[in-house]
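Trainee: Here's a structure for you.
Residue numbers (the working numbering), protein chains in the order written: chain H, 699 to 1045; chain C, 699 to 1045; chain Y, 699 to 1045; chain F, 699 to 1045.
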């Protein structure tokens, strides 16, 4: 297989690490450059000794131009705002980009600027594709710039997309009660993320204020053809990886659980990473750990009016790096699952 | 202080252990008998070596009649159905009873029998008091038989009681998304509760089917004066203790966060175990670990129409044993906080 | 690549699960049969939903003869005693066997019978090869029957082998203080392994009594050419996977840390799964999670008389299933690392 | 009871928090001042919301002189070097001091300066008492300045003291393989202590370099009447609290397990916080969590020549704050267990 030269910009965070873990074994990929603001010149495996002997490449000290000159695809795994500062230059040199930050996920600059800050490359927003392949597979294939979705939006949008598209979602009824492992906060050094402050505890955070809300609303509204409002509550679970979303909605028309299962089955037919669980089963974040799956189950109340969808992903994989590789595969014409075949890590 | 002789029936489960931990240091209590189906004759501290030198009393081999003859108050920490089999005999011998099972929590036998099984002592239901002191303090004082609330209902009812009583709760809008530590399942030996099946994972269980639902509905409906329906989803958190309830409801009238805080403040005035957090703070189960507190916070959306209440308790303490001691204190005329003063266990 | 048909006998334990996870993606392997005493006829993915869509094969209901007739290699991941009951029949039908139990790890039947029970197939012990490829690679290549090492012995023997072979180990000075994750106890249902009994705690078990002791002594004595005694203390860590061995020994002659590092480097040259850490680094079980590596570091005291070796493995991988696949690769003439390339799972 | 006014200098670390938790319920203590370098003026309960409504006192903004003027006893829970800077001034104003840092634990200034740095108050070393009450109870009663022991030395010295005093310890044979929960590192903000870097992993650190080594050697040598060398290896366990020491030594004379149990029983007679476990039992850090106990068990090899002692404490309690309160009780003439009666926190 012809190998595509790629760079990972920001490879010393957790999403970067997961990308490197996936890409180093990807048969269509040649890891040509890794960068890190904090560790230039040091070997990747010095920072992540788990990869000793596997990825000993040092973090690059080249300029972005030099990197752009020798790679074909760039993954940016750096904070929003920083991402939009460098991506136009990679594009200008002919690279294609998968951006894991929030900078190119929004169609309307106003929405981005309401929740984040001023956008310095708004002209790229129209072209950028929201990289949720289960909704935008064809656009991704052609994209020069993919805005890789946030972890929570991936979980929530995949959980509700079939209902939204079928116009079954009451647009003001959606509640997304989500629970995430600690790696969702990144490889940050914060007291609140230290072991003794997280272990054996559970808490909500950023109630009604989390920036992933508009992303969920954009995608669900697009599918529903009408503005959908999401009440989103994120929580922190004392585990390293995984998101479970418990999604509540009212239906516009009464439906049985069987009806909805069939709707979901059809919607996700041909999408290898969404697994609709058999009736009676409920998802566990442990079943998708280290893999690109989204596992779904649903329950309907007696009257068929209220639905509860359970949706789980690995926040670093389908919620970040795995999905980025899935997008990369589509962009390169590779099989969608290439390099993403390792089974979930259990127990 | 005159010490009351008490027995703990079923002292080898986790709620029993927590009761014993509290009662052995309670200045108004003399631990006269402990029982266990599994370990008759063995010293308590052989089963729970943490209590070595503190509670070495063996599990009793006496009959219930013998125990009843020498104690004044009985705590029953055994499964439902078993509890109602023996409680009438303790009452008949003049004991007062705090029952930690579900058998005496319901006012209507039909509701109990719909969710559990046939009730063998329905004549006691009218007399039994639902032991949530923040709602039923005066009845508890006089009670001969207290039905100590379930852990989830304690968390949810305390979280929503002020809204229900103020008729602010839209009765069909309540969603209780609750997350519990593993001790909530008791000291059971089940594959699904083993370390390797729980660690580093998160899952929902018994969606729309959990038996604590009717208990929540009974109490909230009683306060609201109209039937309140609760959509309840329990989840399992990889931690030992703690419940966090994220409670969603629509308001019948628009209210600001300040309005609701004031409502809560007044409702819980004089109730030492409910702590309304300062604005901007959110509760963490770690802050109530090992203590009888319920910590509350609330958020209201922009329109003042939708409220999110965060409620945390320690499932074994305020959700079981601590609340049982609080009820005991009320029944005996002790200060409500007696024996419950140890600060939460942190970090 | 020509695929070898294999069976996994006892695929519903944790070692079995890990074997299946590895073998299903192994390019030289065709998973032809899985068995389980507990779940005959049920799909593998019903028991392990993590593998849904990946391994849906039902646990076989065939006889051992039927399975033997259609596979070339059998992995037995069942308890000792059970293993030796069936392995002779697989061999008799021409299969080659990698046995993950203790039944074929000992050269002397007396040693086995002292620590376990009567051996029912002692005639096979001479032929069986102890499957630690770093010590017995050539014998493994030819073996019809491999006794796959225990998890603790793998950790300890790899940690001390270079010293033993160089006659530097004082034979009565070896202490192996080992710490294991909970999956080392297997997928058992025991109160002592339940989440609430393990979480946030640490304990030793089977002090001076653990059955892995004679296995360590056999291998180290073989290398040293003199009987080596091991004082072995296993401990339980509140984590799912991983073993760290802290190995103490006195040296027969004074050596510097540099001397010993060079000795280890040479010993493990050409062995792709042993990683000697750079000076100053210490191993972490997290760095080998899900992989077949053994990471080693060592420290020597000022006088050069006492050495401390730190050795880590993943107990389910290099300590069980990964090593079994490594042995399989050698037996089949495959590259030793085939199917074992997935980087460690981090974070 | 007459209440003693006390100050806690450095009350915003974990040892400080544990001290405050204990002292606020101590019947002989009046918490008159708390200080924190980081949070002057803020209420204690704002930093530790677990204590809301219990300790709302703000961190003092007074000078040390002002504090000294109004308290009788000072607990210093600040880093070494900082402690010796202020303690002389508290003493000069007539306060008695329990110092939780390392600054006053050593009898010889040279030993301190070899492992730490220059000592600025060496004249106090002779007067200072090493606050391990099981060894120095009488001196503590009279002390003006107590050097409260380190967590690891408490665990190790209590584990080996009877052997040392009986001259049974071969002085060059002692190995202390110790495992600590993460709170042992204090309330520091370090990447290596973040949840994702600790969870589900196990590692050693500071092998042969940890500063608690000379403290162990000082006390054991003192008891043995001859220099005892300790090979000490600390490890990090993914749990919040607890230390388990696995202590290996050779005996100078052969002894049975029964002999040694009797020796330990006599040594610790009258010491309420040391619990020698019954034969066959092994300690678990969970059994001492939140309490001032040290639980001990021992095993002897067949020849009666090598002993393994298992010793557990809660590093924040008996390893820091609990022991400080025990020392305080002795200094004040209170019962040794006063304020330390809360049973261990389980499960």
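Think of the CB as a built atom: it goes at the ideal place given N, C-alpha and C, for glycine as much as any other residue.
Starting from residue 797/C, follow the beta strand (DSSP E) in both directions and report where the run begins and ends.
Mentor: From DSSP, the beta strand (DSSP E) with residue 797/C extends over 794 to 797.
Trainee: Would you check if the distance between the CB atom of residue 1031/C and the CB atom of residue 949/C is smaller than 8 Å?
Mentor: The answer is no: Cβ separation not under 8 Å.
Trainee: Excluding sequence positions up to five away, which residues of its chain have a Cβ less than 6 Å from the Cβ of residue 809/H?
Mentor: Taken in chain order, the residues that qualify are 912.
Trainee: From the beta carbon of residue 929/H, is the nearest beta carbon of chain C less than 8 Å away?
Mentor: By this cut-off, residue 929/H is an interface position.
Trainee: Assuming residue 899/Y and residue 984/F are in contact, meaning their beta carbons sit under 8 Å apart, how far apart are those beta carbons, in whole angstroms?
Mentor: Right, their Cβ atoms sit about 3 Å apart.
Trainee: What is the rounded straight-line gap between the Cα of residue 936/H and the Cα of residue 936/C?
Mentor: The alpha-carbon atoms of residue 936/H and residue 936/C are separated by roughly 6 Å.
Trainee: Our contact map puts residue 980/Y next to residue 864/F with C-beta atoms below 8 Å; I'd like the distance itself, whole angstroms only.
Mentor: Wrong, their Cβ atoms sit about 35 Å apart, outside the cutoff.
Trainee: Check this for me: beta carbons of residue 1044/H and residue 716/H, under 8 Å apart or not?
Mentor: Contact flag unset, no.
Trainee: Rounded to whole angstroms, what is the Cα-Cα separation between residue 934/H and residue 801/Y?
Mentor: So the two alpha carbons sit approximately 45 Å from each other.
Trainee: DSSP three-state call for residue 728/H: helix, strand or coil?
Mentor: DSSP places residue 728/H in strand when its eight states are reduced to three.
Trainee: Do you know how far the Cα of residue 842/F is from the Cα of residue 725/F?
Mentor: Each residue's Cα considered, the two are about 22 Å apart.
Trainee: According to the Cβ coordinates, are residue 893/F and residue 880/H closer than 8 Å?
Mentor: Yes; because the gap between Cβ atoms is below 8 Å, this pair is in contact.
Trainee: Helix, strand or coil, according to DSSP, for residue 941/H in the structure here?
Mentor: Strand.
Trainee: Using 8 Å as the limit for Cβ to Cβ distance, is residue 737/F near chain H?
Mentor: Answer no: the Cβ-Cβ gap between residue 737/F and chain H never drops below 8 Å.
Trainee: Provide the residue(s) that pair with residue 872/Y in DSSP beta bridges, ordered along the chain.
Mentor: For residue 872/Y, which the question treats as bridged, DSSP gives the partners 928/Y.
Trainee: Which one or two residues does DSSP pair with residue 705/H in a beta bridge?
Mentor: Beta-bridge pairing links residue 705/H to 731/H, 772/H.
Trainee: Excluding the five sequence neighbours on either side, which residues of its own chain have a C-beta within less than 6 Å of the C-beta of residue 877/H, listed in chain order?
Mentor: Once the five neighbours on either side are set aside, the close Cβ partners of residue 877/H are 933, 935, 942.
Trainee: Just checking my contact of residue 860/H with residue 965/H at CB under 8 Å: how many whole Å lie between their CB atoms?
Mentor: Their Cβ separation, rounded to whole angstroms, is 4 Å, which keeps residue 860/H and residue 965/H in contact under 8 Å.
Trainee: Closer than 8 Å, Cβ to any Cβ of chain A: which residues of the region 915 to 926 of chain H, in chain order?
Mentor: The structure shown has no chain A; the protein chains it does contain are H, C, Y and F.
Trainee: Determine whether the Cβ of residue 722/Y lies closer than 8 Å to any Cβ atom of chain H.
Mentor: At least one chain H Cβ lies under 8 Å of residue 722/Y.
Trainee: How would you label residue 761/C, buried or exposed, when you count the other beta carbons within 10 angstroms and need 16 or more for buried?
Mentor: With fewer than 16 Cβ atoms within 10 Å of its Cβ, residue 761/C is classed as exposed.
Trainee: Around the C-beta of residue 924/H, are 16 or more other C-beta atoms found within 10 angstroms, so that it is buried, or is it exposed?
Mentor: That one is exposed.
Trainee: Could you tell me which chain Y residues have their CB closer than 7 Å to the CB of residue 746/H, listed as they occur along the chain?
Mentor: Within 7 Å Cβ-Cβ: 1044.
Trainee: Answer yes or no: does any C-beta atom of chain Y fall closer than 8 Å to that of residue 877/F?
Mentor: Yes, its Cβ sits closer than 8 Å to a Cβ of chain Y.
Trainee: Extract the residue ranges of the beta strand (DSSP E) inside the region 740 to 791 of chain F, only unbroken runs of 3 or more that lie entirely within it.
Mentor: Correct list: 771 to 774.
Trainee: In angstroms, rounded to a whole number, what distance separates the CA positions of residue 814/C and residue 908/C?
Mentor: Answer to the nearest angstrom: the Cα atoms are 11 Å apart.
Trainee: What does the alpha-carbon distance come out to for the pair residue 854/H and residue 758/H?
Mentor: Their backbone Cα atoms lie some 36 Å apart in a straight line.
Trainee: Pop quiz: residue 976/C and residue 748/F are said to be a contact at Cβ under 8 Å. What is the actual Cβ separation, rounded to whole angstroms?
Mentor: Not a contact, Cβ separation roughly 14 Å.
Trainee: Under the assumption that residue 786/C contacts residue 729/C (Cβ atoms under 8 Å), give the Cβ distance between them as a whole number of angstroms.
Mentor: Actually they do not touch by this definition, with Cβ atoms about 24 Å apart.
Trainee: What did DSSP end up calling residue 952/Y once you bin it into helix, strand or coil?
Mentor: Residue 952/Y: coil per DSSP, three-state reduction.
Trainee: In its own chain, which residues sit with a C-beta less than 6 Å from the C-beta of residue 875/H, not counting the 5 before and 5 after it?
Mentor: Excluding positions up to five away in sequence, the list reads 931, 944.
Trainee: Where residue 713/F and residue 1014/F are concerned, what is the direct C-alpha to C-alpha distance, given to the nearest angstrom?
Mentor: Cα-Cα distance, rounded: 6 Å.
Trainee: From the DSSP output, in three-state form, read off residue 839/C for me.
Mentor: The answer is helix: DSSP assigns residue 839/C an H, G or I state.
Trainee: Along the alpha helix (DSSP H) that carries residue 862/C, what are the first and last residues, could you check?
Mentor: Run containing residue 862/C: 849 to 863, per the alpha helix (DSSP H) assignment.
Trainee: Would a C-beta distance cut-off of 8 Å place residue 994/H and residue 839/H closer than the cut-off?
Mentor: No, the Cβ-Cβ distance between residue 994/H and residue 839/H is not below 8 Å.
Trainee: Closer than 7 Å, Cβ to any Cβ of chain Y: which residues of the region 889 to 905 of chain C, in chain order?
Mentor: Cβ contacts with chain Y come from 889, 891, 892, 893, 894, 896, 897, 898.
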